[in-house]
Amino acid sequence: MIFDFFKKREIDYTKLPQHIGIIMDGNGRWAKRRGLPRSAGHSAGAKTLEKIVKECNKIGIKYITVYAFSTENWKRPKQEVDYLMDLLLDYLKNAEERLAGENVVIRAIGSRKELSEEIREQIAKTEDFTKNNTGIVMNIALNYGGREEILSSVKKIAESVRKGKVLTEDITEQFFEQQLYTAGQPDPDLLIRTSGEMRISNFLLWQIAYSEIWITNKLWPEFSVDDLMEAIYDYQHRKRRFGGV
Ligand code: FPP
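Here my numbering runs 63 ahead of the position in the sequence shown, where the first position is 1.
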């Protein structure tokens, strides 16, 4: 029995989740526990992210969506918002060296109009630079909110209906999905949240309808490849019914 406990949990690499979503929570608490400024937590979180994306790509996960900055995060102190924006800018700028070399396709999802011109331009450059890569697609949710995404999709559709380009009966789930930031991508099979909170926090509201949720008490900067494997292992032992029996 004791052997079972220590035995490494075997992942079935033929049944990996296609898409993993991650709510990377707990950077601030991680820093506080060490007597460090919150910015140090975000910086450590960025390093964890790099490690996890590389591992996901290596094992053959096709899509990963990470919650980097929500539409509500503007309420944080200006100093923290500025730090996060600088970190994101730096991350996107260095993507070539850090991740594109790993064959990662980088995309930003969320509303762009509130972002600085510098970030918007960098997003366009990074997306363009990595678009022909063939490895994992990494969606960075940046100024992202699930409600904002749904509302902006509804507005686009309403406009098309007003112009007579779309009929009400054409508005199916498949059609609606094509208006989302994640158009053309499969929904997340697995949603990971760190730091123990049992919340969705406005993340991918439409897309996570049938995602398996996995929550750990670990704070994001301390999340490891072993934790990722445990989440995948648990996911592989769930019975997904999609509303059926
Ligand atoms: C939540 O922790 C985390 C965030 C709001 C930011 C997530 C950002 C990163 C992991 C790093 C940067 C990302 C990229 C793509 C470069 P929190 O600050 O709310 O933690 P707390 O709940 O402990 O205060």
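Note that beta-carbon positions come from the ideal geometry of N, C-alpha and C, so glycine has one too.
CA-to-CA, the gap between Pro284 and Arg96 works out to about 12 Å. As a beta-bridge residue in DSSP terms, Asn202 pairs with Thr128, Arg170.
With contacts defined by Cβ atoms closer than 8 Å, Val168 and Val116 do not form a contacting pair. Boundaries for Ile255: no alpha helix (DSSP H) harbours it, while the beta strand (DSSP E) harbouring it runs 253–256, taken from the DSSP string. Scanning its chain for C-beta atoms nearer than 7 Å, with the 5 sequence neighbours on each side dropped, one finds around Glu211 the residues Thr134, Ser174, in chain order. Ranked by Cα distance from Glu159, the first of Gln237, Glu190, Glu180 is Glu190. With distances taken between CA atoms, Leu243 lies nearest to Val217 out of Val217, Asp233, Glu232, Ile255. With the rule of 3 Cβ pairs closer than 8 Å, the region 291–307 counts as touching the region 253–263. Ser287 counts as exposed, since fewer than 16 other C-beta atoms from the protein chains shown sit within 10 angstroms of its C-beta.
Counting only the Cα atoms, Ile199 lies some 22 Å from Leu150. Residue state for Ser133 is assigned as strand, using DSSP reduced to three classes. Taking the Cβ of Gly173 as the reference point, every heavy atom of the ligand FPP lies at 7 Å or farther away. Not one heavy atom of the ligand FPP falls within 7 Å of the beta-carbon of Arg301. Between Ile203 and Trp269, the C-beta gap is not smaller than 8 Å, which leaves the two residues out of contact. Burial state of Pro80 is buried, judged by a 10 Å Cβ sphere holding 16 or more other Cβ atoms.
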